[in-house]
Amino acid sequence: MILERSAGVLLFRDNAAGRRFLLLDYGHHWDYAKGHVEPGEDDLTAARRELMEETGITQVDLLDGFAREIAYVFRGRRGDLIKKTVVFFIGRTDATDVKISHEHVGYEWLPADEALARLTYANARAMLDAGLKWLDEKEI
Numbered sequence: 003m004i005l006e007r008s009a010g011v012l013l014f015r016d017n018a019a020g021r022r023f024l025l026l027d028y029g030h031h032w033d034y035a036k037g038h039v040e041p042g043e044d045d046l047t048a049a050r051r052e053l054m055e056e057t058g059i060t061q062v063d064l065l066d067g068f069a070r071e072i073a074y075v076f077r078g079r080r081g082d083l084i085k086k087t088v089v090f091f092i093g094r095t096d097a098t099d100v101k102i103s104h105e106h107v108g109y110e111w112l113p114a115d116e117a118l119a120r121l122t123y124a125n126a127r128a129m130l131d132a133g134l135k136w137l138d139e140k141e142i
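For the sequence shown, the working numbering begins at 3 and goes up steadily by one.
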């Protein structure tokens, strides 16, 4: 089995309309900005880089104290069995301009309930649930 590690960001912004979370449309599923941790990178550095590469957003405050992992197994393009672990951080931004990468076909800033409904995978919904609980506990 091949082991892979990725890092991503549950990104939100607050405005007069309330808190909104950024979801990316990968064409066949909705998810967060995330990607592989490159050699020599730590998880936080990879999460910031992936956010910038996939959204163009560089201004982000990654909030101390939230780092949660999910793991899943899938078959790669060559049929190899891959176990992927993804660590997520929560980030706040004031940015509104998103420049999606070639990996995506769209994006939306959504309130939590709509984001939960839009996310394709159960583990992504569970991650947002964990993030929402953490934000409530911290009164952020």
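All C-beta atoms in this analysis are idealised placements derived from N, C-alpha and C, irrespective of residue type, glycine included.
In the three-state DSSP reduction, A18 falls in the coil class, being neither helix nor strand. Its chain contains H31, W32 and D33 as the residues whose beta carbon lies nearer than 7 Å to that of T122, once the 5 sequence neighbours on both sides are disregarded; these appear in chain order. Annotation: the continuous alpha helix (DSSP H) that includes R127 extends over A124 to K140. Residues of the same chain with a CB within less than 8 Å of the CB of R77, apart from the 5 flanking positions on each side, are L83 and I84 in chain order. Just measuring C-alpha positions, the residue of L130, G29, L65 and W111 sitting nearest I72 is L130. Note that the C-beta distance between S8 and V75 is not below 9 Å. Where T87 is concerned, the enclosing beta strand (DSSP E) starts and stops at L83 to R94. If you draw a straight line from the Cα of A18 to the Cα of G133, it is about 21 Å long. Secondary structure of D33 (DSSP, three-state): strand.
Annotation for E43: no alpha helix (DSSP H) segment contains it, and DSSP assigns it neither H nor E.
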